[in-house]
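Undergrad: Mind the numbering: the sequence shown is residues 3 to 202 in our numbering, read in order.
Glycine is no exception: its CB is placed at the ideal position from the N, C-alpha and C atoms.
On a predicted model such as this, the values are computed, not experimentally measured, just so you know.
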Amino acid sequence: MKNTLLKFIGFNLVLVNFAVQAEEAKSSLEAHVHGISELMIVAEGSALEVQFKSPAMNLVGFEHKARIPKDIKTVEKVALTLRQHDALFLMSDTNCKLTNTSVDLSKIIDTDHQGNDHGSSASNDKHAHEDDESHEGHDANHSEIMVTYKYHCQDSISLPSITVNLFEFFIGIEEINTMWVNQTEQGAITLRHNNRIINF
Numbered sequence: 003m004k005n006t007l008l009k010f011i012g013f014n015l016v017l018v019n020f021a022v023q024a025e026e027a028k029s030s031l032e033a034h035v036h037g038i039s040e041l042m043i044v045a046e047g048s049a050l051e052v053q054f055k056s057p058a059m060n061l062v063g064f065e066h067k068a069r070i071p072k073d074i075k076t077v078e079k080v081a082l083t084l085r086q087h088d089a090l091f092l093m094s095d096t097n098c099k100l101t102n103t104s105v106d107l108s109k110i111i112d113t114d115h116q117g118n119d120h121g122s123s124a125s126n127d128k129h130a131h132e133d134d135e136s137h138e139g140h141d142a143n144h145s146e147i148m149v150t151y152k153y154h155c156q157d158s159i160s161l162p163s164i165t166v167n168l169f170e171f172f173i174g175i176e177e178i179n180t181m182w183v184n185q186t187e188q189g190a191i192t193l194r195h196n197n198r199i200i201n202f
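1. Determine whether the beta carbon atoms of residue 149 and residue 198 lie at a separation below 8 Å.
2. Let me know the secondary structure DSSP gives residue 154 once reduced to three states.
3. Return the first residue and the last residue of the alpha helix (DSSP H) that residue 78 is part of.
4. So, with DSSP's three-state summary, where would you put residue 51?
5. Taking 8 Å as the limit between beta carbons, can you name the residues of its chain near residue 68, skipping five residues before and five after?
6. Beta carbon of residue 87, beta carbon of residue 103: below 8 Å?
7. What residue does the alpha helix (DSSP H) around residue 62 start on, and which one ends it?
8. Please report the residue range of the alpha helix (DSSP H) in which residue 161 lies.
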């Protein structure tokens, strides 16, 4: 029991340190740079959590609220792609099963306008476009999409590597600033098209 408690305390200290580093990394990216996304990976015992965050521009090609049918369809298509965890993340020599996926689109899709079919006339599209422009200063410049994947693994600490295939599905991503932590160590790497493997 005492050893378990010490491990728990030690792991929480690592997480605090990880959070501090993540905050520093976030501060350095305060300008919300298009083309750059973030990936955070935390492994504890049999639990593995992967959190992906990206400017919406990298994934859907715009950052205003999706209100017209064309934009809503684009966001929905991206959401479906983001749920294909087995295609986006290839885990080698491990037995991990996905237990939960959470896709947060609240910054890019307007739930108040979903389901309201006003037709696809030019006047309606023009009105929606003007509405988007009127919100330019509020939600167009900093819209982000966040996805969290939770896995149950036989032993997530010994995870050999993860190949990240997000570049193949989203051409707007140029770099992914990645940080990872488990119960024994932590690290960071910048992933690119020609360097997409995370070795733990």
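TA: The structure says:
1. For the purposes of this step, residue 149 is identified with residue 147 of the sequence shown, where counting begins at 1. For the purposes of this step, residue 198 is identified with residue 196 of the sequence shown, where counting begins at 1. No, these two residues do not count as a Cβ contact at 8 Å.
2. Counted from its first residue, the sequence shown places residue 154 at position 152. If DSSP states are grouped into helix, strand and coil, residue 154 belongs with the strands.
3. Mapped onto the sequence shown, residue 78 falls at position 76. 71-84 is the span of the alpha helix (DSSP H), which, as asked, contains residue 78.
4. Position 49 of the sequence shown, counted from the first residue, corresponds to residue 51. It is a strand residue.
5. Numbered from 1 along the sequence shown, position 66 holds the residue referred to as residue 68. The beta carbon of residue 68 lies closer than 8 Å to those of 62, 74, 76, 77, 110, 111 and 112 in the same chain, with the five residues before and after it left out.
6. Translated into positions along the sequence shown, residue 87 becomes position 85. Translated into positions along the sequence shown, residue 103 becomes position 101. Yes, Cβ-Cβ distance for residue 87 and residue 103 is below 8 Å.
7. Here the question's residue 62 lines up with position 60 in the sequence shown. Unbroken alpha helix (DSSP H) run through residue 62: 58-62.
8. Position 159 of the sequence shown, counted from the first residue, corresponds to residue 161. Where residue 161 is concerned, there is no enclosing alpha helix (DSSP H), given that its DSSP letter is neither H nor E.
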